[in-house]
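2 protein chains.
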Amino acid sequence: MNDKFYALPREKQKRIINAGFSVFAKNTYKKSPVNEIALEAGISKSLLFFYFRNKKELYLFLLRTVEEITNKALKESGAYEGEDIFDIMYKGLMTKARLMKAYPDMSRFSLKAYYEKDPDLSREIRKIVSPYTRIETYKALPPMDPKKFKDGIDLNMMYRDIFLASEGFFWKIEQGDNFNEDEFVSEYKKLIDFWKSVYLKEEGWKCT
Amino acid sequence: MNDKFYALPREKQKRIINAGFSVFAKNTYKKSPVNEIALEAGISKSLLFFYFRNKKELYLFLLRTVEEITNKALKESGAYEGEDIFDIMYKGLMTKARLMKAYPDMSRFSLKAYYEKDPDLSREIRKIVSPYTRIETYKALPPMDPKKFKDGIDLNMMYRDIFLASEGFFWKIEQGDNFNEDEFVSEYKKLIDFWKSVYLKEEGWKCT
DNA sequence: AATAGTATTAACCGGGTCGGTCAACAGGCT
DNA sequence: AGCCTGTTGACCGACCCGGTTAATACTATT
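Line by line, the protein sequences are chains V and H. Everything in the first sequence is counted per the working numbering, starting at 1 for the first residue and increasing by one. Everything in the second sequence is counted per the working numbering, starting at 1001 for the first residue and increasing by one.
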């Protein structure tokens, strides 16, 4: 790929990247017209081929970009160091919301990439996509202090419930094209507070 | 469309229908090759064009078929007449499982149809797809007796939690192509039982 | 204003795909 | 053989798509 791309104003880079996410998220790799990406980015197809040698290079660049963006966001949010499970979830939510605002089609793109079947690509895709991204997260639940939770609660099932509801929540948002960040966050906060009230012994602090 | 189609053995009809669901679920209407459908159904493209005048007719037929199938299934399951919410959910689950086994790609197809943008189609799609199918179901929660639930539970939030988790559950299953019906049902039963244990006052009967 | 250098595009090419048609074929029945 | 019904391979014209290239617009420098 042409290094000139990095010299572009960030604004324009993002427009191109998002256009790529959008088109590749909608169609298979093979059925995603480069022209459509260029159009959506507001540039000509020729220029796109000036920055990226060919379609494949563009695609793989986008895939690497996903990794880069998410890793950076996760590190910045401090989502890894968690004391209590609800805190972790809240942090995760905020980063996800920020990401969805900046790159609306990124997650759908990466999901589609994960299931891409094109023989030219699948090998290289699996080389780039970090395996843990799509792992069944609920199996790696963080250590929790059982004393904090109400008696008789099956913690594994609790985590499963929370995890599934979160997935459903994000999924519904990714479906509709109307994405109001504030509403999104406050709705999810309500959910977290509800879970706290149901599962936690002491109805203590609410998340800020 | 040609009435001869209905004279076909049910087996063959289903193969064609499912092939249509599968291909149209993967791609946009415009980018769904009729040939691929024929191939997947094990017949020739020519024959497909013998039964259906053109691509559009085939598509709309499939859409009407979705309505027909789901309506029939819902009526048969008695999912409408519900005493308690968990019972309703359980019935709904079983019908959904049955449907997913018989028509694996149907729900993804109908979802995609809902968001189809093709100018030739969107008008006629909206004419066929019954509006209530995609309504936010959790707003139409059935009348519940508050006494049965533990004190202090926010019933609306409870229903929201359950609804979202179910969506997430179905969504995860629709993603992966491995669909084990038994495992599916038993997993969901576990969830329902968990919810009962958490939300209900008397830990009574488990669902059969 | 002329030049030079860079960013950007319109026009084009060859190969492939797709919706749709049609003449032909296969197989059972009389 | 002749007929009917179900089925297909081969074909067509239009369009699409990845990629190239020659030309244009833009900007800065002299």
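A virtual CB, placed ideally from N, CA and C, is assigned to each residue, including glycine. Nothing here was measured: the structure is a model prediction, and the numbers come from that model.
Check, Outcome
"Measuring alpha carbon to alpha carbon, tell me which residue in R160(V), G20(V) and E76(V) is nearest F52(V).", "G20(V)"
"Write down the C-beta distance between K1075(H) and K1150(H) rounded to the nearest angstrom, noting that I regard them as a contact closer than 8 Å.", "About 34 Å separates the two Cβ atoms, so there is no contact after all."
"According to DSSP, simplified to helix, strand and coil, what is E8(V)?", "Per the sequence presented here, residue 8(V) reads as Leu, with Glu not at that position. L8(V): coil per DSSP, three-state reduction."
"By alpha-carbon positions, which one of I1085(H), K1072(H) and N1027(H) ends up nearest to Y1059(H)?", "N1027(H)"
"What residues in the stretch 1014 to 1036 of chain H bring their beta carbon closer than 8 Å to a beta carbon of chain V?", "K1026, N1027, T1028 and K1031"
"Closest by CA to F1190(H), which one among F1086(H), R1015(H), T1065(H) and Y1006(H)?", "According to the sequence displayed, residue 1190(H) carries Lys and not Phe. Nearest C-alpha to K1190(H): F1086(H)."
"Does the stretch 1157 to 1167 of chain H come within contact of the stretch 160 to 171 of chain V, defined as at least 3 CB pairs closer than 8 Å?", "yes"
"Hey, out of I16(V), V185(V) and K91(V), whose CA is closest to S77(V)'s CA?", "K91(V)"
"With three or more C-beta pairs closer than 8 Å as the rule, is the stretch 33 to 48 of chain V touching the stretch 1034 to 1046 of chain H?", "no"
"Given a limit of 9 Å on CB to CB distance, which residues of the stretch 1151 to 1168 of chain H reach chain V?", "G1152, I1153, D1154, M1157, M1158, R1160, D1161, I1162, F1163, L1164, A1165, S1166, E1167 and G1168"
"If you count every other CB in all the chains shown that lies within 10 Å of the CB of N1018(H), and 16 or more means buried, which is it?", "buried"
"Ends of the alpha helix (DSSP H) at K75(V)?", "K55 to S77"
"Would you kindly report the start and end of the unbroken alpha helix (DSSP H) that includes K31(V)?", "Unbroken run through K31(V): none, as it is neither H nor E."
"Suppose contacts are defined by Cβ-Cβ distances below 9 Å. Is V1066(H) in contact with F1109(H) by that definition?", "yes"
"Do we get a CB-CB distance below 9 Å when we pair L1111(H) with the residues of chain V?", "yes"
"Indicate the three-state DSSP secondary structure (helix, strand or coil) for N39(V) in the structure shown.", "Note that residue 39(V) corresponds to Leu in the displayed sequence, not to Asn. Helix at L39(V)."
"Just reading off the alpha helix (DSSP H) that K148(V) is part of, what are its end residues?", "No alpha helix (DSSP H) holds K148(V); DSSP gives it neither H nor E."
"Taking 9 Å as the threshold (C-beta atoms), are M1001(H) and F1061(H) in contact?", "yes"
"Could you round the C-beta distance between I1192(H) and M1089(H) to whole angstroms and report it? I think they count as a contact, below 8 Å.", "6 Å"
"Please report the Cβ distance between F211(V) and K112(V), rounded to the nearest whole angstrom; I am assuming they are in contact, meaning their Cβ atoms lie under 8 Å.", "No statement about residue 211(V) is possible, as the shown extent of chain V runs from 1 to 208 and does not include it."
"Please work out which residues of its chain come closer than 7 Å, Cβ to Cβ, to P980(H), disregarding the five sequence neighbours upstream and downstream, and give them in chain order.", "For chain H, the structure presents residues 1001 to 1208; residue 980(H) sits outside this window and is missing."
"Out of E116(V), R64(V), K148(V) and F179(V), which one is the CA nearest neighbour of A102(V)?", "F179(V)"
"Would you check if the distance between the CB atom of F194(V) and the CB atom of M1094(H) is smaller than 9 Å?", "no"
"The stretch 1048 to 1061 of chain H: which residues have C-beta closer than 8 Å to a C-beta of chain V, in chain order?", "none"
"Along the chain, where does the alpha helix (DSSP H) containing L191(V) start, and where does it finish?", "E181 to Y199"
"Go through its chain and collect everything with a Cβ distance to E116(V)'s Cβ below 8 Å, but skip five positions before and after it.", "T28, Y29, S122 and I125"
"Assuming D1161(H) is part of the alpha helix (DSSP H), what are its boundary residues?", "L1155 to Q1175"
"Could you list which residues in chain H have their beta carbon closer than 8 Å to that of K172(V), in chain order?", "L1164 and E1167"
"Would you please state the rounded distance, in angstroms, between the beta carbons of E174(V) and A97(V)? I believe it to be under 8 Å.", "E174(V) to A97(V), Cβ: 12 Å. No contact."
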